[in-house]
Amino acid sequence: MMNLLLLKAGYVWLIVLAVIFVLVAVVLGIVPVNLWIKAFLSKSHVSATRLAGMRLRRINAGLLVNSYINAKKAGVLLTMDDLESHYSAGGDVERIVDAMIAAKGANLNLSIETAKAIDLANRDILTAVKNSVSPVVIETPEVSAMARDGIELKIKARLTLKSNISKLIGGAGTDTIIARVGQGIVTAVGAAKSHLDIMERPETISESITAKKLEKDSAFDIMSIDIADIKVGRNIGAQLEADRAEADMQIAQARAEERRALAIATEQEMRVKTQEKRAQLLDAQAEIPKAISTALRAGQLGVMDYYKMQNVLADTNMRNSLSGSKDREDNTIAPKEKDKEGN
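Numbering (our numbering), first residue to last: 197 to 539.
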C-alpha cells in the first residue's frame, strides 16, 4: 500500500514538472529574455509584460528597446509609449531618437511630440536638426536680369540657410526660397539705372533681397545672401529697339502697300470711267453727221457753211497734231459721199 502511494506521488511530481517546463518554454518563446536583461542592465527598465505584448502585436521590440536605451543614455526624456505609438503610426523611431539626441547636444528645444509630428509629415527631422546646428549653403541657378540701360546680367547667388524647426511643418522648402531669391535679383537689377552700378556694388542685390524678408512662412532662416558670380550678357535694350524698328518698318510697308493697292484700284476705276465717257462722246459724235444731213435737207445749213465748218475742224486737227496732244480725237465728220448724200 505504501509503495502504491509513493508511486502515485512520483507521477504527480512528474506532471507538475512537465507543466512547469511547458510554461517556461511558453514564456521564453513569448518574452525576449535577452532584451529584458539588456534593458535591465542598461538601467532602462522595460517590463516583461510590455515585451510580451510587443511580441504578440508583432512590433520590432529589439528596435524600440535599443532606441530607448540610447535615449536614456543621452538623457533624453521619452517613454516606451512614445516610441511604440510612433512605430505603430509608421514613423521612423531611430531617426527621431537620433534627432532628439542631436538637439539635446546642441541645446535645442525639441520635444518628442514635435519630433514625431515632423517625422510623420515626411520631413527629415534629423537633417533639420543638423542644419540648425550647422547651416547649409546652397547656390541658386543662373538668374538672367536686365538693368534699365538694357544690358543683361547673369547672376548666381550663394545662400546660407538655417533650419527653423518651429516652421518645419507647413513651411516652404528650399525650392521656394530659391525662387524668391531669383525674383529679388531680377527686381534689384531692374531698378538699377546702369548695369555698371550692379557691377561696382554687388552687395546692392543682397541688401535689397534681405530687406524683403524672403524667409517668411518658410522652414528656413536666411543667414546670408552672397553674390557668387556676375556675367555681362546681351544688350537686350538694343535688340528690343531693333526689333521695334523692324516691326515699325513692316507696319509702314504694309500701310504703303495698302495705299498702293488703293491707288491702283482707283486708277482702274478712273480708266473705266474714261472709257465710259469716250463711249458717250462717240455716241454723241455719231449723231453730228445725222444732224448736219437733216439741217442740209431742211435748208437750215448751206453748202458754204458746211465747207467752212470742215475747214475749222481740219485746222483744229492740224493744231493738235503739231502740239503733240495725246488726247487728240478725229473730228472729221464724213467724206464727200455723205455731202452728196445730204444734198
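In this text, a Cβ means the ideal position worked out from N, Cα and C, and glycines have one as well.
| Item | Value |
| --- | --- |
| Proximity of S263 and V289 at Cβ, strictly below 9 Å | yes |
| Proximity of R430 and E348 at Cβ, strictly below 9 Å | yes |
| Three-way DSSP call (helix, strand, coil) for K389 in this model | coil |
| N- and C-terminal bounds of the beta strand (DSSP E) containing D422 | F416 to N431 |
| Presumed contact (8 Å Cβ cut-off) between I432 and M296, rounded CB distance | Not confirmed; about 53 Å, so no contact. |
| Contact between the region 346-364 and the region 441-454 (3+ Cβ pairs under 8 Å) | no |
| Proximity winner among D413, D422 and G258, relative to S404 (alpha-carbon distances) | D422 |
| Inter-residue Cα distance where the pair is K352 and I401 | 11 Å |
| Residue span of the beta strand (DSSP E) that contains K358, given as start and end | I347 to S359 |
| V332, DSSP secondary structure in three states | strand |
| Close Cβ partners of D417 (< 6 Å) along its chain, the five nearest in sequence each way excluded | K358, N360 and E411 |
| Whole-Å CB distance - V261 paired with K234, under 8 Å assumed | 7 Å |
| Residues sharing a beta bridge with S517, DSSP | Looking at the DSSP assignment, S517 forms no beta bridge with any residue, so it has no partner. |
| Burial state of T503 (16 or more Cβ within 10 Å) | In the sequence as presented, Thr is not what sits at residue 503; that position holds Tyr. Counting Cβ neighbours within 10 Å, Y503 comes out exposed, since fewer than 16 surround it. |
| Touch test, the region 313-320 against the region 383-392, Cβ-Cβ under 8 Å, three pairs minimum | no |
| V229 (DSSP reduced to helix, strand or coil) | helix |
| Status (buried if at least 16 other CB within 10 Å, exposed otherwise) for R246 | buried |
| Strand pairing of A368, partner residues [DSSP] | S414 |
| Member of K268, K312 and S328 whose CA lies at the smallest distance from the CA of A302 | S328 |
| S519 versus Q506: straight-line alpha-carbon distance, rounded | 20 Å |
| Length of the line joining the Cα atoms of A459 and E442 | 25 Å |
| Assigned secondary structure, S340 (DSSP; H/G/I helix, E/B strand, else coil) | strand |
| Three-state class that DSSP yields for A494 in the structure shown | helix |
| Helix, strand or coil at H282 [DSSP, three-state] | helix |
| Cα-Cα separation between F236 and M276, rounded to whole angstroms | 14 Å |
| Same chain only: Cβ atoms within 8 Å of V468, ignoring 5 sequence neighbours per side | none |
| N262 in three-state terms, based on DSSP | helix |
| CA-to-CA distance, A313 to L259, given in whole angstroms | 20 Å |
| Closest residue to K300 among E280, A285 and K326 (Cα-Cα distance) | K326 |
| Local Cβ density within 10 Å of S284, reported as buried at 16 or more and exposed below that | exposed |
| Coarse secondary structure for A221, derived from DSSP in three states | Residue placement at A221 is poorly supported in this model, since its pLDDT is 46, which falls under 50; the coordinates still yield a value, given next. Correct three-state label for A221: helix. |
| Neighbourhood of P331 by C-beta, 7 Å cutoff - its chain only, sequence neighbours within 5 removed | T356, L357, K358 and M419 |
| S414 classed as buried or exposed, judged by whether at least 16 other C-beta atoms fall within 10 angstroms | buried |
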